[in-house]
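Peer 1: Okay, handing you the structure first.
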Amino acid sequence: MSWLLALPFLIPIGTALATFSARARHHLCGALSVLGCTMMLIVAIAIIALVEKNGPLAAQMGDWEAPFGITLVADRLSAIMLLISAIVGLCVSLFALSDIDKYRVSLGFHCFFQLLLAGVCGSFVTGDLFNLYVWFEVMLIASFALLVLGGERIQLDGGIKYVALNLISTLLMLTSIGLIYGLTGTLNMAQLHIALAAVDNPVAVSALAVLFIAAFGIKAAIFPLFFWLPASYHTPPVAVTAVFAGLLTKVGVYTLIRTFTLIFPNDPGFTHNILLGTALLTMLTGVLGAAAQYEFRKILAFHIISQIGFLILGLALNSPLALAGSVFYIIHNIVAKTNLFLISGTVQRLSGSFELSEIGGIYKASPLLSTFFFIAAFSLSGFPPLSGFWAKLLLLKASLDQTAYLVAAVILITGALTLYSMSKIWAEVFWKPDPMGYCSNLYALSLPERLQRLLPVAFLAMVTLSLGLLPEPLINYALATASELLKPGDYLDAVLKPEPTQSIGNP
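Residues 0 to 506 (numbering that gives the first Met the number 0) are what the sequence shown spells out, left to right.
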């Protein structure tokens, strides 16, 4: 059963090897990619069911007991992140069948896509900082390859900006890992929870915490470290941007939540004040940047930044309800944001442009696609009863419970400006007449292309709608996750007191 924790990254690695071998046959390559994502989804469902039944699961690679060996861990947070990552991977892999041309497939698109999923899932199940760094590097290499695949000038320009700032993040992360190992003698996250509490040097611990905020903050695209994101996310094909928008920055948020609830939980006054200020500024700068844009993908890219602020806010407020709000918000946001980028790709396919001034009449041409956009966009804005409403409501109530009225005001202002941006897209792209006069109907596309584009969009829209109309199961799961994060006793027991059967292989 412990092998189950390794499968979320072993399956995409195996799929990457298979797709690389088959890259000259683009239909087979695409089918293998979809099959690999389907298998990953089945494994993720099994893991979340086991975690819900038995509590946190841990496995020691090579039978080396923690904290000396490589530990894999799945608790409620990592299990739900694995599940939503598998869903996004499957939807994007299906969409990519019609979005990615044969040339990019022959260059290895599906191989790099699967390696990116391996890096994402590996980050969610790793139990030590060094292997977290390894998985981050896998993600960086795969994402850079996807970003520049095809070699277009705009892609290379965005890729240089992307990799330059992410290399700074890598250096900060390595520095932080080296310093924390020198201070405690371990990199195992569960052991660090105990070891750092015993360090009698609060200045050194606080300095390390700030370094980790900077390192993971670049990955998460928080203020003022987000400039790489709007400079690069509009340059690759939409399938690439969609998986980036859904997963990459969320891995940064996940690591911040994991780090400051498990490794640095002992000085919340200092670190969480930094996180609070950063979250509010991220929310405002992102949404103001989006309001100033008139290109479909650029608007969505700036909204990624704004929504990251909401995710960090729950961690900064540091209460069970606030953390539950962040967990609910991250699931809602991954689904809605991925879907919006997929919809933007289909709009471009029908109209030939991403510029709002050059698009129009999509509602008349494709009412079904317009309906899916409405669900995702107005959920992102927090429109009741869609999923974004409940996510924002949890964070708003958590801020009011702490009499943080400025925080509540920023939540409401950001929500209103998000609604403005989404309404602008709706009015320009879907409602106004087509200014160019050649917008196609969905039925102008072949049946396979229609299915490949509409099925993932429809599924993600239904997930968003379901989370809004039936929020109670996810709210309860988010509250249980928050309690587990704030009281990590079960996590520590699973890692540091393993059962004899919880090992993988022999040394």
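Just so it is clear, CB atoms sit at the ideal spot from N, CA and C, and this is done for glycine as well.
1. Take LEU261 and list the residues in its own chain whose beta-carbon comes closer than 6 angstroms to its own, dropping the five residues that flank it on each side.
2. Expressed to the nearest angstrom, what Euclidean distance is found between the alpha-carbon atoms of VAL346 and SER352?
3. Curious, which full-length alpha helix (DSSP H) runs of at least 4 residues does the region 363-440 contain?
4. Return the bridge partner residues of ASN187 from the DSSP annotation.
5. Between the Cα of TRP430 and those of PRO366, LEU468, PHE458, spot the shortest distance and give me the residue it belongs to.
6. Given a threshold of 16 other Cβ atoms within 10 Å of its Cβ, counted over all protein chains shown, does PRO447 qualify as buried or as exposed?
7. DSSP puts GLU294 in a beta bridge; with which residues?
8. Between the Cα of SER105 and the Cα atoms of PHE19, GLN113, VAL198, LEU195, which residue gives the shortest distance?
9. If you count every other CB in all the chains shown that lies within 10 Å of the CB of PRO11, and 16 or more means buried, which is it?
10. Hey, could you find the ends of the alpha helix (DSSP H) HIS25 is sitting in?
11. By a C-beta neighbour count over all protein chains shown, 10 Å radius and 16 as the cutoff for buried, is TRP134 buried or exposed?
12. Between which two residues does the alpha helix (DSSP H) harbouring PRO470 extend?
13. Alpha helix (DSSP H) containing THR240: first to last residue?
14. Does TYR161 pass the burial test, meaning 16 or more other C-beta atoms within 10 Å, or should it be called exposed?
15. Quick check on LYS52: buried or exposed, where buried means 16 or more other Cβ atoms within 10 Å of its Cβ?
16. Which residues in the same chain have their Cβ closer than 6 angstroms to the Cβ of CYS28, if we skip the five residues on either side of it in sequence?
17. If you follow the alpha helix (DSSP H) that ALA208 is part of, which residue opens it and which one closes it?
18. Looking only at its chain, what residues have a beta carbon closer than 7 angstroms to the beta carbon of PHE327, apart from the 5 residues adjacent to it on each side?
19. Is it true that the region 300-309 meets the region 221-231, where meeting means three or more beta-carbon pairs spaced less than 8 angstroms apart?
20. Using DSSP with H/G/I as helix, E/B as strand and the rest coil, what is PHE226?
21. Going by alpha carbons, who is nearest to ALA117 out of LEU279, LEU395, ALA141?
22. Is the Cβ-Cβ distance between PHE111 and LEU145 less than 8 angstroms?
23. Can you list, in chain order, the residues of its chain with a C-beta nearer than 7 angstroms to that of PHE143? Leave out the 5 residues immediately preceding and following it.
24. If you draw a straight line from the alpha carbon of GLY381 to that of ALA407, how long is it in whole angstroms?
25. Under a Cβ-count criterion, where at least 16 other Cβ atoms within 10 Å of its own Cβ denotes burial, should TYR442 be classed as buried or exposed?
26. Indicate the three-state DSSP secondary structure (helix, strand or coil) for GLY285 in the structure shown.
27. Within this structure, are the beta carbons of ALA290 and ILE342 separated by less than 8 angstroms?
28. Anyone know if the C-beta pair for ILE47 and LEU76 falls short of 8 angstroms?
29. Locate the alpha helix (DSSP H) running through TYR102, then write down its first and last residues.
30. Can you tell me whether TYR490 is buried or exposed? The criterion is at least 16 other CB atoms within 10 Å of its CB, across all chains shown.
31. Classify LEU3 as helix, strand or coil using the three-state DSSP reduction.
32. Could you give the residue range of the alpha helix (DSSP H) that holds SER445?
33. Using beta-carbon positions only, say whether ALA335 and THR463 come within less than 8 angstroms of one another.
34. By alpha-carbon positions, which one of TRP63, VAL87, VAL239, LEU170 ends up nearest to ASP98?
35. In whole angstroms, what is the alpha-carbon distance linking THR174 and GLY181?
Peer 2: A quick look at the data gives this:
1. Counted from its first residue, the sequence shown places residue 261 at position 262. Result list for LEU261: MET188, HIS192, PRO487, in chain order.
2. By 1-based counting over the sequence shown, the position of residue 346 is 347. By 1-based counting over the sequence shown, the position of residue 352 is 353. Straight-line Cα distance between these residues: approximately 8 angstroms.
3. Entirely contained in the region 363-440, the alpha helix (DSSP H) runs reaching 4 residues are, in chain order, 366-379, 386-400, 404-424.
4. Walking along the sequence shown from the start, residue 187 turns up at place 188. The partner list for ASN187 (beta bridge, DSSP) reads ASP127.
5. Position 431 of the sequence shown, counted from the first residue, corresponds to residue 430. With distances taken between Cα atoms, TRP430 lies closest to PRO366.
6. Taking the sequence shown and counting its residues from 1, the one referred to as residue 447 is at position 448. The residue is exposed, with fewer than 16 neighbouring Cβ atoms inside 10 Å.
7. Numbered from its first residue, the sequence shown carries residue 294 at position 295. In DSSP, GLU294 forms a bridge with GLU354.
8. Counting from one through the sequence shown, the residue named residue 105 turns up at place 106. Ranking PHE19, GLN113, VAL198, LEU195 by Cα distance to SER105 puts PHE19 first.
9. As a working note, residue 11 is residue 12 in the sequence shown. That one is buried.
10. Locating residue 25 in the sequence shown gives position 26, where the first residue counts as 1. Its alpha helix (DSSP H) spans residues 25-53.
11. Along the sequence shown, read from residue 1 onward, the residue named residue 134 stands at position 135. Under this definition TRP134 is a buried residue.
12. As a working mapping, residue 470 is identified with position 471 in the sequence shown. PRO470 -> no alpha helix (DSSP H), and no H or E assigned at all.
13. Numbered from 1 along the sequence shown, position 241 holds the residue referred to as residue 240. Per DSSP, THR240 belongs to the alpha helix (DSSP H) from 237-242.
14. Indexing the sequence shown from 1 puts residue 161 at position 162. By the 10 Å Cβ count, TYR161 comes out buried.
15. The residue labelled residue 52 in the question sits at position 53 within the sequence shown. So LYS52 ends up on the exposed side.
16. By 1-based counting over the sequence shown, the position of residue 28 is 29. Here the set comprises THR18, ALA21, ARG22, VAL104, HIS109.
17. Here the question's residue 208 lines up with position 209 in the sequence shown. Start and end: 201-219.
18. The sequence position of residue 327 within the sequence shown is 328, counting from 1. Same-chain partners within the cutoff: TRP389, ALA390, LEU393, LEU473, ILE474, ALA477.
19. Yes: at least three Cβ pairs fall under 8 angstroms.
20. Against the sequence shown, residue 226 aligns to sequence position 227. If DSSP states are grouped into helix, strand and coil, PHE226 belongs with coil.
21. Along the sequence shown, read from residue 1 onward, the residue named residue 117 stands at position 118. For ALA117, the nearest C-alpha among the options comes from ALA141.
22. Locating residue 111 in the sequence shown gives position 112, where the first residue counts as 1. Locating residue 145 in the sequence shown gives position 146, where the first residue counts as 1. Result yes, Cβ atoms of PHE111 and LEU145 sit closer than 8 angstroms.
23. Taking the first residue of the sequence shown as position 1, residue 143 is located at position 144. Here the set comprises GLY158, TYR161, VAL162.
24. Here residue 381 is taken as the residue at index 382 of the sequence shown, counted from 1. Here residue 407 is taken as the residue at index 408 of the sequence shown, counted from 1. Using only the alpha carbons, I get a separation of about 14 angstroms.
25. Here residue 442 refers to the residue found at position 443 when the sequence shown is read from its first residue. Label assigned to TYR442: exposed.
26. Looking up residue 285 in the sequence shown gives position 286. Correct three-state label for GLY285: helix.
27. Start at 1 with the first residue of the sequence shown, and residue 290 comes out as number 291. Start at 1 with the first residue of the sequence shown, and residue 342 comes out as number 343. Taking a C-beta distance under 8 angstroms as the contact criterion, ALA290 and ILE342 do not qualify as a contact pair.
28. In the sequence shown, the residue the question calls residue 47 occupies position 48. In the sequence shown, the residue the question calls residue 76 occupies position 77. Result no, Cβ atoms of ILE47 and LEU76 do not sit closer than 8 angstroms.
29. Start at 1 with the first residue of the sequence shown, and residue 102 comes out as number 103. In this chain, the alpha helix (DSSP H) harbouring TYR102 covers 101-105.
30. Here residue 490 is taken as the residue at index 491 of the sequence shown, counted from 1. Classification for TYR490: buried.
31. For this step, residue 3 is matched to residue 4 along the sequence shown. Three-state DSSP puts LEU3 in a helix.
32. As a first step, residue 445 is located in the sequence shown; it is residue number 446 there, counting from the start. Run containing SER445: none; DSSP gives neither H nor E here.
33. Residue numbering aside, residue 335 sits at position 336 when the sequence shown is read from its first letter. Residue numbering aside, residue 463 sits at position 464 when the sequence shown is read from its first letter. Result yes, Cβ atoms of ALA335 and THR463 sit closer than 8 angstroms.
34. Taking the first residue of the sequence shown as 1, we reach residue 98 at position 99. Measuring from the Cα of ASP98, the nearest candidate turns out to be VAL239.
35. For the purposes of this step, residue 174 is identified with residue 175 of the sequence shown, where counting begins at 1. For the purposes of this step, residue 181 is identified with residue 182 of the sequence shown, where counting begins at 1. If you take the alpha carbons of THR174 and GLY181, they lie about 11 angstroms apart.
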